[in-house]
(Lines of atoms letter the chains of each structure in order from A and count residues from 1; the text may use other names and numbers.)
(Lines give C-alpha, C1' and ligand atoms only; values in the text may rest on other atoms or scores of the structure.)
Protein backbone atom coordinates (compact mmCIF):
# COMPACT_ATOMS: atom_id res chain seq x y z
CA UNK A 1 0.00 0.00 0.00
CA UNK A 2 1.27 3.46 -0.88
CA UNK A 3 2.05 5.87 1.93
CA UNK A 4 -0.69 8.49 2.15
CA UNK A 5 -0.01 12.20 2.47
CA UNK A 6 -1.57 14.39 5.14
CA UNK A 7 -4.02 15.77 2.59
CA UNK A 8 -5.04 12.26 1.55
CA UNK A 9 -5.69 11.34 5.18
CA UNK A 10 -7.71 14.55 5.71
CA UNK A 11 -9.90 13.75 2.71
CA UNK A 12 -10.50 10.23 4.07
CA UNK A 13 -11.46 11.65 7.48
CA UNK A 14 -13.84 14.14 5.86
CA UNK A 15 -15.59 11.22 4.13
CA UNK A 16 -16.29 9.04 7.19
CA UNK A 17 -12.81 7.46 7.14
CA UNK A 18 -13.61 5.72 3.85
CA UNK A 19 -10.30 4.70 2.21
CA UNK A 20 -9.42 6.61 -0.95
CA UNK A 21 -8.99 3.28 -2.74
CA UNK A 22 -12.77 2.84 -2.48
CA UNK A 23 -13.89 6.48 -2.38
CA UNK A 24 -12.15 7.69 -5.56
CA UNK A 25 -13.42 5.04 -8.00
CA UNK A 26 -16.96 5.47 -6.70
CA UNK A 27 -16.87 9.27 -6.99
CA UNK A 28 -15.19 9.23 -10.41
CA UNK A 29 -17.77 6.77 -11.77
CA UNK A 30 -20.63 8.89 -10.42
CA UNK A 31 -19.30 12.41 -11.08
CA UNK A 32 -16.32 12.25 -13.44
CA UNK A 33 -12.74 13.39 -12.81
CA UNK A 34 -13.26 17.15 -12.85
CA UNK A 35 -16.27 17.16 -10.52
CA UNK A 36 -14.57 14.67 -8.17
CA UNK A 37 -11.52 16.95 -7.90
CA UNK A 38 -13.81 19.92 -7.21
CA UNK A 39 -15.82 18.01 -4.61
CA UNK A 40 -12.63 16.98 -2.80
CA UNK A 41 -11.24 20.53 -3.10
CA UNK A 42 -8.06 19.36 -4.85
CA UNK A 43 -6.67 20.09 -8.30
CA UNK A 44 -7.13 17.68 -11.20
CA UNK A 45 -3.35 17.21 -11.13
CA UNK A 46 -3.46 16.18 -7.48
CA UNK A 47 -6.31 13.77 -8.17
CA UNK A 48 -4.36 12.28 -11.08
CA UNK A 49 -1.30 11.86 -8.85
CA UNK A 50 -3.38 10.11 -6.20
CA UNK A 51 -4.81 7.73 -8.78
CA UNK A 52 -1.31 6.81 -9.95
CA UNK A 53 0.03 6.50 -6.42
CA UNK A 54 -2.84 4.27 -5.31
CA UNK A 55 -2.79 2.15 -8.49
CA UNK A 56 -6.32 3.12 -9.51
CA UNK A 57 -6.84 2.63 -13.24
CA UNK A 58 -9.28 4.98 -14.98
CA UNK A 59 -10.45 4.02 -18.46
CA UNK A 60 -12.91 5.66 -20.80
CA UNK A 61 -15.18 3.43 -22.88
CA UNK A 62 -17.48 4.44 -25.74
CA UNK A 63 -20.61 2.33 -26.22
CA UNK A 64 -22.84 2.28 -29.27
CA UNK A 65 -26.61 2.44 -28.75
CA UNK A 66 -27.84 -0.84 -27.31
CA UNK A 67 -24.41 -1.91 -26.03
CA UNK A 68 -23.77 -2.49 -22.35
CA UNK A 69 -20.68 -2.76 -20.20
CA UNK A 70 -20.12 -5.16 -17.32
CA UNK A 71 -17.42 -4.61 -14.70
CA UNK A 72 -16.22 -7.61 -12.72
CA UNK A 73 -14.06 -7.40 -9.61
CA UNK A 74 -11.19 -9.80 -9.24
CA UNK A 75 -11.15 -12.00 -6.15
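In our numbering, the protein residues as written are 9 to 83.
Even for Gly, the Cβ is constructed at its ideal location relative to N, Cα and C.
Please read these numbers as outputs of a predicted model, since none were measured by experiment.
- Contact between the region 70-82 and the region 48-60 is absent: fewer than three C-beta pairs spanning the two stretches fall below 8 angstroms.
- Apart from the 5 residues on each side of it in sequence, residue 19 sits with its Cβ closer than 6 angstroms to the Cβ of 48 in its chain, given in chain order.
- Between the beta-carbon of residue 45 and that of residue 55 there is about 4 angstroms, and that keeps the pair under the 8 angstroms contact cut.
- Counting only residues of its own chain and dropping the five nearest sequence neighbours on each side, residue 31 has a CB closer than 6 angstroms to the CB of 23.
- For residue 53, the enclosing alpha helix (DSSP H) starts and ends at 52-62.
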